[in-house]
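A short worksheet on the structure shown next.
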Amino acid sequence: MRRQTATGGTNPAGSSRALRLDPLSLPVSFHAHDARADGFVRQVELDRERVVLRRAVRGMRMALRLRVSDFLGVALCDIKDGRMLVLAHRDPSLSVPLCVGVDEEEIAAAWQLWSDVFALPMLQHAACEPAPRRRRRNAIRARRPKFLMRRRAGSLLEPAKIYRGEREIIARN
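The letter at position 74 of the sequence shown is residue 58 when you use my numbering, and the numbering goes up by one with no holes.
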């Protein structure tokens, strides 16, 4: 069984280091922690121009292809074990972990290098938690269906007219 890092990725056999990707050896594929995915793991394919996130949510597999230019920048986050570099997205659940470490100088050098490789700005202390789940509100759920709006409602207030004891006259040409 392989060791797991704080971000959920697995290390290569024999490695005792935390997650540390090399920006000069792209493309790279690795597993990362995902709080919303089945098994809490997603596969990340990282390239200079694009990022592919593969995960399964409630049994439905999906692949999200994002351009690197869609990300906000390379962010530095504080975690309980040290510091983490993240490729930050507007939706925090789509952010990608790049590097975890405790040495300030190593993290600063990696931060600058990742920023230069992706041509993205260096951001301070982004949120490292996934975005809260959206509440689903359907504003038109309680409305009357559209095809019923076209029908004229009947009047049940007046009773039907009944004629008793009269002869019926039928006109014929």
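Quick reminder that beta carbons are idealized off the backbone N, C-alpha and C, glycines included.
With distances taken from CA atoms, which of the options is nearest residue i?
{"i": "MET46", "options": "ALA21, ILE146, TRP98 and ALA93", "result": "ALA21"}
{"i": "VAL101", "options": "ARG26, GLY149, LEU71 and CYS61", "result": "LEU71"}
{"i": "VAL41", "options": "ARG148, ALA93, TYR147 and PHE24", "result": "PHE24"}
{"i": "ARG62", "options": "ASP54, LEU56, LEU50 and GLY85", "result": "At residue 62 the sequence reads Asp, which differs from the Arg that was named. Ranking ASP54, LEU56, LEU50 and GLY85 by Cα distance to ASP62 puts GLY85 first."}
{"i": "GLY57", "options": "ARG156, MET106 and GLU150", "result": "MET106"}
{"i": "VAL52", "options": "ARG38, ALA103, ILE154 and GLU88", "result": "ALA103"}
Taking buried to mean at least 16 other C-beta atoms within 10 Å of its own C-beta, is residue i buried or exposed?
{"i": "PRO81", "result": "buried"}
{"i": "LEU3", "result": "buried"}
{"i": "ASP18", "result": "buried"}
{"i": "ALA93", "result": "exposed"}
{"i": "MET44", "result": "exposed"}
{"i": "ALA16", "result": "buried"}
{"i": "PRO7", "result": "buried"}
{"i": "LEU141", "result": "exposed"}
{"i": "ARG49", "result": "exposed"}
On the DSSP letters alone, give me the boundaries of the beta strand (DSSP E) that residue i sits inside.
{"i": "ALA16", "result": "12 to 17"}
{"i": "ASP62", "result": "57 to 63"}
{"i": "GLY43", "result": "No beta strand (DSSP E) holds GLY43; DSSP gives it neither H nor E."}
{"i": "ALA72", "result": "66 to 72"}
Sorted by chain position, which residues of the same chain lie with C-beta nearer than 6 Å to residue i's C-beta, five sequence neighbours on each side aside?
{"i": "GLU29", "result": "SER13 and VAL36"}
{"i": "HIS73", "result": "PHE55 and SER79"}
{"i": "ILE165", "result": "Look at the range of the chain in this structure, -15 to 157, and you will see that residue 165 is not part of it."}
Keeping to the same chain, check which residues put their C-beta closer than 8 Å to that of residue i; ignore five residues upstream and five downstream.
{"i": "LEU10", "result": "LEU30, ASP31, ARG32 and VAL101"}
Which one or two residues does DSSP pair with residue i in a beta bridge?
{"i": "GLU152", "result": "Partner(s): none; GLU152 has no beta bridge."}
{"i": "PRO81", "result": "VAL70"}
{"i": "VAL28", "result": "PHE14 and LEU37"}
{"i": "ARG51", "result": "ARG34"}
Which two residues bound the contiguous alpha helix (DSSP H) that contains residue i?
{"i": "VAL101", "result": "88 to 102"}
For residue i, which residues of its own chain have a beta-carbon under 7 Å away from its beta-carbon, when the five flanking residues on both sides are left out?
{"i": "TRP95", "result": "VAL58, LEU60, LEU69 and MET106"}
{"i": "LEU97", "result": "PRO7"}
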